[in-house]
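Read in order, the letters of the sequence shown are residues 2 to 284 in the numbering used here.
One structure is given below, encoded as structure tokens.
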Amino acid sequence: MEAVSRTAQWTAAARALETEREDRLFADPYARTVADETGVELLKRYAGGGIVPFLAIRTTYLDRAIVRAVQERGIRQVVFLAAGMDTRFYRLPWPDGVTVYELDRPALLDAKARMLKDEPQPAGRTRVAVPVDLTQDWTGPLKEAGWKSDEPVLWVVEGLLFFLPEQAVRTLIATLAAHSAPGTVLLGDVISRAALVNPLARDFMKALEEDGNPWLFGTEEPEELLAECGWSVREVKQPGEDGADFDRWPYPVPDRAIPGIPRSFLFTCDLPAAPGYDQEAAA
């Protein structure tokens, strides 16, 4: 796999650590398999700065938001962009008829398929791997794989945006909005610009750069970014805030008004409803 794809394995290793806790927030029995030794070693290299508790919180927040979206809104198309070593297709309680599309680089999807080849496919759901380069056209291959742009979709952009330059971030988020039907939901995470230059995270950032995975993008105003790219923001949470704590975040949560603070954000967005469309009724 390319260097950038190996980051998926260290996040899987963090999921394995959470799974092995007695007070675990979620159970991912596949995490240790897809992490492999590479992920374990990378997690040791990148440890510190709240990375492990953050990944537990991010996974839990998105797990619960995903389940709500498909159960309460009736969404049956779920697209993971830069799916990496995500195993939610196997471990979440999907309603019958859900199709999960996993977009990522071909080498990563091939490696993941080999690692999980002996795992039984859960009944009532379909997984479709779509090998793409997200910096190139990916909507065409996704449509060819069966995705329907005229039906609501749940987009998940987890652990992706900070690896992209700003224009690529904006283009991606705007493309999601442009190819979505009413009732669509967007979930994901992003960091602040201050997090990119945080002196306390200098070693972590240097290690990422040395390994070919530099973090490039952050924003102090995720609500503004998402709105400018066509989304209606339902919520933005910092780890440790109500709804994004789960008794895992070990640090105080600084007020958003305080400038220059390294932050992570978890967000849930809807597609703005067309005139005359009752989004609550449709949900």
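Each residue gets a CB set at the ideal place from its N, CA and C atoms; glycine is no exception.
Predicted model, so just to flag it, every value in this text is computed and none were measured.
Query raised in the report: Under the rule that 16 or more other beta-carbon atoms within 10 Å means buried, what is Tyr31, buried or exposed?
Result: buried
**Report entry** Inter-residue Cα distance where the pair is Ala245 and Glu19
**Finding:** 16 Å
Query raised in the report: In whole angstroms, what separates the C-alpha of Trp139 from that of Gly50?
Result: 34 Å
**Report entry** Which of helix, strand or coil DSSP assigns to Glu145
**Finding:** helix
Query - Span of the beta strand (DSSP E), counted from its first residue to its last, around Lys238 - result: Ser233 to Lys238
Report task. For Leu188, name the three-state secondary structure that DSSP assigns. Result -> strand
Requested in this report: Tell me where the beta strand (DSSP E) around Phe268 begins and ends.
Outcome: Ser265 to Asp271
Query - Strand pairing of Asp105, partner residues [DSSP] - result: Pro132
**Report entry** Contact under 8 Å by Cβ, Gly160 with Gly85
**Finding:** yes
Requested in this report: Starting from Phe164, follow the beta strand (DSSP E) in both directions and report where the run begins and ends.
Outcome: Run containing Phe164: none; DSSP gives neither H nor E here.
Query raised in the report: Ala14 by DSSP, collapsed to three states: which one?
Result: helix
Requested in this report: Pick out the complete alpha helix (DSSP H) segments inside the region 72-102, 4 residues or longer, and give them in chain order.
Outcome: 89-92
Report task. Have a look at Glu224 and Arg257 and give me their C-alpha separation to the nearest angstrom. Result -> 12 Å
Requested in this report: Figure out for me which residue from Leu26, Phe81 and Ala36 has the closest Cα to the Cα of Leu173.
Outcome: Phe81
Query raised in the report: Just reading off the beta strand (DSSP E) that Leu26 is part of, what are its end residues?
Result: Looking at the DSSP string, Leu26 is not in any beta strand (DSSP E), and its letter there is neither H nor E.
Requested in this report: Would you decide whether Gly213 is buried or exposed? Buried here means 16 or more other CB atoms lie within 10 Å of its CB.
Outcome: exposed
Query raised in the report: In whole angstroms, what separates the C-alpha of Lys144 from that of Ile259?
Result: 44 Å
Report task. Ignoring anything shorter than 4 residues or poking outside the region 207-257, list the alpha helix (DSSP H) runs there in chain order. Result -> 223-229
Requested in this report: Determine, using beta carbons only, whether Ala70 comes closer than 8 Å to chain D.
Outcome: This model lacks chain D altogether; it includes just one protein chain.
**Report entry** Buried versus exposed, by CB contacts within 10 Å (16 or more), Lys113
**Finding:** buried
Query - Val198 (DSSP reduced to helix, strand or coil) - result: coil
Report task. Check Val154 in the structure and name its three-state DSSP category. Result -> coil
Requested in this report: Measure how close the beta-carbons of Arg65 and Leu267 come, nearest whole angstrom, since I'm counting them as under 8 Å.
Outcome: About 11 Å separates the two Cβ atoms, so there is no contact after all.
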